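Residue numbers (the working numbering): 6 to 296.
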């Protein structure tokens, strides 16, 4: 094994240790899933519920599925979608209708069948026993965080951010868990005005820096980087779910290669689809830092 491979393995082990296991590999299933519902939940956003018993039972917060998109072009690849909800026999995915693939998905009626590969990737670790979980979502980055929230053993705080009110999704889902929920929109049309990270700053200042917080975030890179920086400044951990283009979803094509900072300070490349998509924020080398 080369030195580069050894460092990559060491980083993977460090990132997955708190989750209790490497969530990839033998747990992956290929399953024909039946669409049970496919409903609009906000302007341009849909939730698809799928009967997929084997994947549902194995799913962990932060993992994703690769869904074969129905389209006339046979060259269309599978698309990755975070798992929004998972029960005994069903999963749900939250998606935004933005192109030919997602438009085809939106046309699927109950009873339709599609192919899923999953659950894929390494998801979020369980919050530490003495920490207050803080979930920070940008747009439909709420999907894996809502799943994480449903599995948490104690309440925490959720921040939901979007450009405008119609892009705030899954608000009812996160509120029904009984957590403190803070909404932020850049135009002030709902919740507090400004970036969600600005609302987070005010919340941290009001609570004081002595409390042990633990951050879990999913959204645009700029937001993730800001959350990771705030966590580092307070001496807290931040776990961020990266959104990257994924071709295969299993680590073979290397389309989602990402530079990371290894424990020894060196730069290495990992595969977001297999080694992630969740990483400790302090280890991510963001675009502006890359040489």
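By construction, the Cβ of each residue, glycine as well, lies at the ideal position given by its N, Cα and C atoms. Treat the numbers as computed from the prediction; the structure is a model and nothing was measured.
Measure from the alpha carbon of residue 279 to the alpha carbon of each residue in 196, 251, 271, then state which is nearest.
251
For residue 106, name the three-state secondary structure that DSSP assigns.
helix
Should residue 285 be labelled buried (16 or more other beta-carbon atoms within 10 Å of its own) or exposed?
buried
What is the residue span of the beta strand (DSSP E) that residue 152 lies within?
Element bounds for residue 152: not the beta strand (DSSP E) but the alpha helix (DSSP H), 147-156.
What are the boundary residues of the beta strand (DSSP E) that residue 85 is part of?
84-91
Minimum Cβ-Cβ distance from residue 89 to chain C less than 8 Å:
Here chain C cannot be found, since the structure has a single protein chain.
From the DSSP output, in three-state form, read off residue 223 for me.
strand
Per DSSP, what are the beta-bridge partners of residue 138 in this structure?
219
Output the boundary residues of the beta strand (DSSP E) element that contains residue 36.
34-47
Could you give the DSSP three-state label for residue 210: helix, strand or coil?
helix
May I have the straight-line CA-CA distance separating residue 66 from residue 194, to the nearest angstrom?
30 Å
Can you give the Cα-Cα distance for residue 105 and residue 214, rounded to whole angstroms?
47 Å
What did DSSP end up calling residue 159 once you bin it into helix, strand or coil?
coil
In its own chain, which residues sit with a C-beta less than 6 Å from the C-beta of residue 272, not counting the 5 before and 5 after it?
264
For residue 270, count the other beta carbons within 10 Å of its own beta carbon; 16 or more makes it buried, fewer makes it exposed. Which is it?
exposed
Going by DSSP, what residues sit across from residue 120 in a beta bridge?
37
Nearest to residue 86 (by Cα), restricted to the options 121, 56, 109, 58
121
Selection from 229, 192, 211 that minimises the alpha carbon distance to residue 292:
229
Can you say whether residue 281 is buried or exposed, counting buried as having 16 or more other CB atoms within 10 angstroms of its CB?
buried
Run through DSSP, which three-state label would residue 166 get?
strand
If you measure between the beta carbons of residue 244 and residue 283, is that distance less than 8 Å?
yes
Helix, strand or coil at residue 201 according to DSSP, with G and I counted as helix:
helix
Helix, strand or coil, according to DSSP, for residue 143 in the structure here?
strand
Can you give me the C-alpha to C-alpha distance between residue 189 and residue 170, rounded to a whole angstrom?
9 Å
DSSP on residue 230, reduced to helix/strand/coil?
helix
C-alpha gap between residue 82 and residue 74, whole angstroms:
7 Å
8 Å Cβ cutoff met for residue 40 and residue 124:
no
Alpha-carbon spacing of residue 172 relative to residue 144, whole angstroms
6 Å
Please report the Cβ distance between residue 206 and residue 177, rounded to the nearest whole angstrom; I am assuming they are in contact, meaning their Cβ atoms lie under 8 Å.
The Cβ separation is near 26 Å, so there is no contact.
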